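In full-length UniProt numbering, the protein residues as written are 1 to 548.
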Amino acid sequence: MADSSGSNPQSPGFTEKLKSWLCWSWTYICTLWFAMVLTMVYVLRSPLKLQETVNAASVFLNTLTPKFYVALTGTSSLISGLILIFEWWYFRKYGTSFIEQVSVSHLRPLLGGVENSSSAGLFSSVNGDTEPRTNVAECKVWRNPLNLFRGAEYSRYTWVTGKEPLTYYDMNLSAQDHQTFFLGDTQQLRPEDSVMQKAWRERNPQARIRAAYQAIECAAAYVLLAEEEATTITEAERLFKQALKNGMKLSHCHTYMLTGKDTNLVVYIKRRLAMCARKLGRIKEAVKMMRDLMKEFPLLGMLNIHENLLEALLELQAYADVQAVLAKYDDISLPKSATICYTSALLKARAVSDKFSPEAASRRGLSIAEMNAVEAIHRAVEFNPHVPKYLLEMKSLILPPEHILKRGDSEAVAYAFFHLQHWKRAEGALNLLHCTWEGTFRIIPYPLEKGHLFYPYPGCTETADRELLPSFHEVSVYPKKELPFFILFTAGLCSFCAMLAMLTHQFPELMGVFVKAFFSTLFAPLGFFADKMESFMPSCLWHQLANV
């Protein structure tokens, strides 16, 4: 998060920053040596002696008027100011320094370094997988288990606000998911499947709807219409029921049991029907449908239907059933999510939050139950540090995207959008979260390099979240990023040059004396060095070098 780390961790890590500074130090040294070589070559090829050259330079500087110095410092201030504005804009938009990025990308290969692939924006859409290993820089994008309906929810938001809640990247991932999930092998496509394959690829919503009507006998066509054409949840439910009816009818016509793409289609439809029931207030019916779906298709756990079940059970305040689901899915061998970690923290916080007081806890210490609740909150915050600001309403919520990045801001938005009401319902839970969540960052001072209970925090989440979340949303960044060196450098240079220009304009005589004294002091070591070189080396050697 932008300002959530009390221990001020670095991003990138210390090793990456050290490499960057070494690259720039090497560049600076090489530039200085190159300038010195050019100066020596010019001096040696000049017919004047070195001391005479230095004296001539001093006379030239002494003849310059204050107006020249005003123009010089003013121009320098203007140029450095423009560079500062560009650097600040680039940092706000992309989260890094343009000068540093270009220099490191060109100099690191020369110094034997390896380019960080995590910054390249390598994302892949998966519906389920184990947690990524530490040596995997790729950020995996997951389907949001609680994604909204485009026609009944996302489109209504666009009609009211005029803003697009979904990015093209997010919608393109959904189109790819639908083609893979519903159509399967392209070599065995039925004619209506070919039409639907083209429909999912259409960028224009109206073109997709028209293509779906061309394959209206296909169950996938009703799915598309329910998702995008239906303007109410009731209408979407009716279309999903028709899609389920067509899907089951099609499977009976083919004399084989539901397998492959037909299974995927039926599971998707039943799940969306359960979500329609949940949105329409028939929560017990939705819970039963989800439980039946998980029993009927136990191998499709990658769809994360248990996250839908957890949210519905929390709405029923069936906390014992929630704990039973967590006991099955909050396992060390299974992939974690913000829903799993924060729901576990909510249950433990609920047991002590109604009587929790920070003042009393500081006097008597934490009880065992309170300690367990605090540890659960720290565990959840370590997994996804972006969530607390949304739960505490320190940051405004937006509609969740159709895909999320685990441990990223997109997952935090999706979790808080559906679960904020459950935290508010537990008396004192948000107060306990407010008092304890920032303590997590003292446990993990360098989250990009070493975690506590989880793998180190991935460094590619910001880039992926910017692709998934709309442009009007301010993406939450963790860990806190310090201002790049060159923003600070150009800011100091701009301020210094502007101050010199103002002082020279106001006090020309005094600044002229100061400049003369400064350059005399600056060239004094060079003159001393020239005298020693002329006295030490024979004069004939200088003429021979000048003739080279």
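Where a beta carbon is used, it is the ideal one built from N, C-alpha and C, also for glycine. Nothing here was measured: the structure is a model prediction, and the numbers come from that model.
When the five nearest sequence neighbours on each side are left out, the beta carbons in the same chain lying within less than 7 Å of the beta carbon of Glu382 are those of Thr440, Ile444, Gly451, His452, Leu453 and Phe454, in order along the chain. Judged by DSSP in its simplified three-state form, Ile79 adopts helix. Going by DSSP, His403 is part of no alpha helix (DSSP H) but of the beta strand (DSSP E) stretching over His403 to Leu405. In the structure shown, Lys140 falls within a strand segment according to DSSP collapsed to helix, strand and coil. Per DSSP, Cys218 lies in no alpha helix (DSSP H) segment and is marked neither H nor E. Counting along the chain, Cys460 sits inside no alpha helix (DSSP H), nor does DSSP assign it H or E at all. Excluding the 5 residues flanking it on each side, Leu316 has same chain C-beta neighbours closer than 8 Å at Ile283, Lys284 and Val287, in chain order. Counting along the chain, Thr180 sits inside no alpha helix (DSSP H), nor does DSSP assign it H or E at all.
With a cut-off of 8 Å on Cβ pairs, the stretch 195-204 is in contact with the stretch 212-219, counting three or more such pairs.
A Cβ-Cβ distance of about 19 Å is found for the pair Phe240 and Glu311, leaving them out of contact under the 8 Å criterion. Annotated as distal: Lys336 and Ala376, with beta-carbon spacing of 8 Å or more.
Inter-residue distance for Leu173 and Ala345 is about 31 Å (C-alpha atoms, whole angstroms).
Across the structure, Leu309 and Leu300 are spaced so that their CA atoms are roughly 14 Å apart. Sixteen is the threshold: since fewer than 16 other Cβ atoms of the shown chains lie within 10 Å of the Cβ of Gly492, the residue is exposed. By the criterion of at least three beta-carbon pairs nearer than 8 Å, the stretch 150-163 is in contact with the stretch 232-247. Less than 8 Å separates the beta-carbon of Arg143 from that of Asp177. Under the three-state reduction of DSSP output, Glu449 falls in the coil class, being neither helix nor strand. When the Cα atoms are used, Asn304 and Ile368 turn out to be separated by approximately 32 Å. Around the beta carbon of Ser471, fewer than 16 other beta carbons lie within 10 angstroms, which makes this residue exposed. Counting only residues of its own chain and dropping the five nearest sequence neighbours on each side, Trp437 has a CB closer than 7 Å to the CB of Ile377, Val381 and Pro388.
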